[in-house]
Amino acid sequence: MIQSIAILSNDLSAHASAELLAAKLQVPLLQEQSPEAIINYNFVVLFDEAGVALQQTGRKAPGPIRAEFTEGAVDHRRKFGGGKGQMIAKAVGIKAGCYPHVLDATAGLGKDSFVLAGLGCKVTMLERSPIVQTILGDGLERALDFARAQDAELFSLLQKMVLVTQDSNDYLSSLGPAEFPDVIYLDPMFPERQKSADVKKEMAAFHAIVGKDEDADSLLPLALAHVNYRVVVKRPRKAPFLNNQTPSYQLEGKSSRYDVYTIKKLPDQLNNL
2 MIQSIAILSN DLSAHASAEL LAAKLQVPLL QEQSPEAIIN YNFVVLFDEA
52 GVALQQTGRK APGPIRAEFT EGAVDHRRKF GGGKGQMIAK AVGIKAGCYP
102 HVLDATAGLG KDSFVLAGLG CKVTMLERSP IVQTILGDGL ERALDFARAQ
152 DAELFSLLQK MVLVTQDSND YLSSLGPAEF PDVIYLDPMF PERQKSADVK
202 KEMAAFHAIV GKDEDADSLL PLALAHVNYR VVVKRPRKAP FLNNQTPSYQ
252 LEGKSSRYDV YTIKKLPDQL NNL
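Residue numbering for the sequence shown follows my numbering, beginning at 2 and increasing consecutively.
So, in structure tokens, the structure goes:
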């Protein structure tokens, strides 16, 4: 019987970390194998010299999914992405002098958190999946190592990002009023996403391993009760409102939209760094 996932350690220096994750997930730990040759598992969490990745197994499988902040589309967006004119910046309320502390309660691979940090916000990232936590944490560590030596601007940006390995419901419930973030950002997994090849590959893999956020509706009222100024929900353009709650207003793009739920007006001057 083919099972869904195993841990694959192909890097001796990372073997202890791979062993810990296998024990946490209670899945098998494989060593020194090619993912293409594995037939008993659909996916592996791959620890190799390039870092940590989610990798589909078998011949002709798509490439590894990693958290990358120093190259590719994420880095390109940092350098050429349109700054404060981006929809995400407008939805969160970023403007000259106003850089809210954002809690990204569904961090995933950290792409939106990276954009927000690049625009000047302090970002606390929550991710409950141990698999995604591990991949994201590895991406942040590799980016910090690179930036420390070669890119002072990127290093400063990464200092604004903090990963908390905790379920969002538990984290939010534990906050007292003095600890509320200015903005809570939600981007729960949804079965119909953008149809680009990369996003399709990534989402299909995460749906298979992590599942959909079945409890996403309950997260919205919890977020609204634990935030200072607003909750922003990213949705596919034609998706229903989260928890069937109508937002204060929307910003709509070609494939996605931002539903903004306002508690009170953001101040003109706000900087939590």
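Where a beta carbon is used, it is the ideal one built from N, C-alpha and C, also for glycine. Model, not experiment: these values are computed from the prediction.
Taking Cβ to Cβ, would you say residue i is nearer than 8 Å to residue j?
i: Gln-227; j: Phe-181; result: Looking at the sequence shown, residue 227 is not Gln but His. Result yes, Cβ atoms of His-227 and Phe-181 sit closer than 8 Å.
i: Pro-36; j: Leu-47; result: yes
i: Pro-65; j: Ala-54; result: yes
i: Ala-108; j: Met-126; result: yes
i: Val-211; j: Ile-264; result: no
i: Ala-150; j: Thr-71; result: no
If we ignore side chains and look at the alpha-carbon of each, how far apart do residue i and residue j end up?
i: Ser-121; j: Leu-158; result: Checking the displayed sequence, the identity of residue 121 turns out to be Gly instead of Ser. Approximately 8 Å between the Cα atoms of the pair.
i: Gly-177; j: Arg-236; result: 28 Å
i: Glu-154; j: Ala-148; result: 8 Å
i: Ala-209; j: Ser-130; result: 13 Å
i: Ala-38; j: Leu-187; result: 38 Å
i: His-16; j: Glu-253; result: 45 Å
i: Gln-270; j: Val-124; result: 17 Å
i: Ala-97; j: Leu-220; result: 30 Å
i: Ile-136; j: Cys-99; result: 31 Å
i: Ala-51; j: Tyr-250; result: 43 Å
i: Asn-229; j: Asp-183; result: 5 Å
i: Leu-9; j: Lys-25; result: 14 Å
i: Val-116; j: Leu-110; result: 12 Å
i: Pro-101; j: Glu-128; result: 20 Å
i: Ala-217; j: Gln-34; result: 37 Å
i: Leu-164; j: Ser-114; result: 10 Å
i: Ala-92; j: Leu-13; result: 44 Å
i: Thr-166; j: Glu-142; result: 15 Å
i: Asp-168; j: Ser-175; result: 11 Å
i: Asn-244; j: Lys-85; result: 29 Å
i: Pro-268; j: Ala-179; result: 17 Å
i: Arg-238; j: Leu-225; result: 22 Å
i: Gly-138; j: Ile-95; result: 26 Å
i: Tyr-172; j: Phe-207; result: 22 Å
i: Met-2; j: Gln-246; result: Per-residue confidence for Met-2 stands at a pLDDT of 43, beneath the threshold of 50, marking its modelled position as unreliable; the derived number appears in the next sentence. Roughly 43 Å between the two C-alpha positions.
On the CB-based measure, 16 or more other CB atoms within 10 Å of its CB, does residue i come out buried or exposed?
i: Ala-19; result: buried
i: Lys-266; result: exposed
i: Lys-112; result: buried
i: Ala-198; result: Any answer about Ala-198 is weak, because its pLDDT of 49 lies below 50 and its placement is not dependable; what the coordinates show is given next. Exposed, since its Cβ has fewer than 16 Cβ neighbours within 10 Å.
i: Gln-134; result: buried
i: Pro-189; result: buried
i: Asn-11; result: buried
i: Val-103; result: buried
i: Ser-257; result: buried
Can you tell me the Cβ-Cβ gap for residue i and residue j, rounded? I've got them flagged as a contact below 8 Å.
i: Tyr-259; j: Val-232; result: No, Tyr-259 and Val-232 are not in contact; Cβ-Cβ is about 11 Å, not under 8 Å.
i: His-248; j: Tyr-262; result: A small correction: the amino acid at residue 248 is Pro; His does not occupy that position in the sequence shown. Yes, they are in contact, since the Cβ atoms of Pro-248 and Tyr-262 sit about 5 Å apart, within 8 Å.
i: Thr-272; j: Leu-223; result: Note that residue 272 corresponds to Asn in the displayed sequence, not to Thr. With 8 Å as the limit, Asn-272 and Leu-223 do not qualify as a contact, their Cβ atoms being about 26 Å apart.
i: Ala-118; j: Met-162; result: 5 Å
i: Gly-140; j: Ala-205; result: Rounded, the Cβ-Cβ distance is 20 Å, inconsistent with contact.
i: Ile-185; j: Ala-106; result: 6 Å
Query raised in the report: Using 8 Å as the threshold, is the segment 28-45 in touch with the segment 76-90, meaning 3 or more CB pairs across them?
Result: no
Requested in this report: Report yes or no: do the segment 58-70 and the segment 39-50 share at least 3 C-beta pairs separated by less than 8 Å?
Outcome: yes
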